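J.: For the sequence shown, my numbering begins at 6 and goes up steadily by one.
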Amino acid sequence: MPRRAPKATTKLEPPSGSRPRTTHAQKMEYRIGRGEMGVLTFEPYKSYLLPLWRFRTPDIARQSSTLLRTEFEQFGEAGDFVGMDMTRKFIQMGFTRAKRYANHKGGRKYDKDHEVLPDSEDHSDKADKLEASQIFKDMLEEIKKDESYLRLKEQFQKELKEYQKQRS
């Protein structure tokens, strides 16, 4: 079994570069999707936000969710719905992945035959991962109600519909 690096207290830093820039056509390729679908595939947002996403301990999850929330708000101020929704997906993924690690030691949910493994009841990280999951869940519930997010989402959906109509 490969050795893991020692657990260090990770200090997350806000991105040093400028926010992702995309063309209108690139943004029109974005799909809101279900849950966190597409979060690890839609560039340049993935590469920009991924370094901020961590959930190893509750303190790291708190830092991560706060930095992601800041990015969410800044995307909103710029009128960038795609950036806001990608950030929402990373926050949602923090909630679901931390929960998976709480329920399954090492985060493995499936065995080699794709059968669901039973939940592990007693492992050393369970409490930390549950707390980290709750931190992201609370943040997710907050941002889903954000007025600018809801307004920009509606605007994006109308714009996408019109864009698709023009292209057909």
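Ideal Cβ placement from N, Cα and C applies to all residues, glycine included. This structure is a prediction, so every number in the text was calculated from the model and none was measured.
Helix, strand or coil: how does DSSP classify V44 here?
T.: Taking the first residue of the sequence shown as 1, we reach residue 44 at position 39. Here V44 sits in coil by DSSP.
J.: With a threshold of 7 Å on Cβ separation, who are the neighbours of R105 within its own chain once the five nearest residues in sequence on each side are excluded?
T.: Counting from one through the sequence shown, the residue named residue 105 turns up at place 100. For R105, where only same-chain residues beyond five positions count, the Cβ hits under 7 Å are G112 and K114.
J.: Please list the terminal residues of the continuous alpha helix (DSSP H) segment that includes G88.
T.: For this step, residue 88 is matched to residue 83 along the sequence shown. Looking at the DSSP string, the run of the alpha helix (DSSP H) that includes G88 is F86 to N108.
J.: Taking only the alpha-carbon atoms, compute the straight-line gap between P63 and I140 and give it to the nearest angstrom.
T.: Locating residue 63 in the sequence shown gives position 58, counting from the first residue. Locating residue 140 in the sequence shown gives position 135, counting from the first residue. Taking the straight line from one Cα to the other gives about 7 Å.
J.: According to DSSP, is Y115 helix, strand or coil?
T.: Along the sequence shown, one-based indexing puts residue 115 at 110. If DSSP states are grouped into helix, strand and coil, Y115 belongs with the strands.
J.: So, for H128: in the same chain, excluding its five sequence neighbours on each side, which residues have a beta-carbon less than 6 Å away from its beta-carbon?
T.: Position 123 of the sequence shown, counting from 1, holds the residue named residue 128. In chain order, K110 place their CB closer than 6 Å to the CB of H128, counting only its own chain and leaving out the 5 sequence neighbours on each side.
J.: Is it true that the CB of F47 sits closer than 8 Å to the CB of G99?
T.: Position 94 of the sequence shown, counted from the first residue, corresponds to residue 99. Position 42 of the sequence shown, counted from the first residue, corresponds to residue 47. No, the Cβ-Cβ distance between G99 and F47 is not below 8 Å.
J.: Give me the Cα-Cα distance between E126 and A30, rounded to the nearest whole angstrom.
T.: Taking the sequence shown and counting its residues from 1, the one referred to as residue 126 is at position 121. Taking the sequence shown and counting its residues from 1, the one referred to as residue 30 is at position 25. Between the alpha carbons of E126 and A30 lies a distance of about 48 Å.
J.: State the Cα-Cα distance for the pair K170 and E34, rounded to the nearest angstrom.
T.: Translated into the one-based positions of the sequence shown, residue 170 becomes position 165. Translated into the one-based positions of the sequence shown, residue 34 becomes position 29. Roughly 14 Å separates the two Cα atoms.
J.: Beta-carbon within less than 7 Å of P25's beta-carbon, same chain only, minus the 5 sequence neighbours each way: which residues are those?
T.: Translated into positions along the sequence shown, residue 25 becomes position 20. Within the same chain, P25 has close Cβ partners P49, Y50, Y53 and G88.
J.: Taking C-alpha atoms, which residue in T28, S173, S70 and L155 lies nearest to V143?
T.: Along the sequence shown, read from residue 1 onward, the residue named residue 143 stands at position 138. This sequence places Asp at residue 143; Val is not what is there. Ranking T28, S173, S70 and L155 by Cα distance to D143 puts S70 first.
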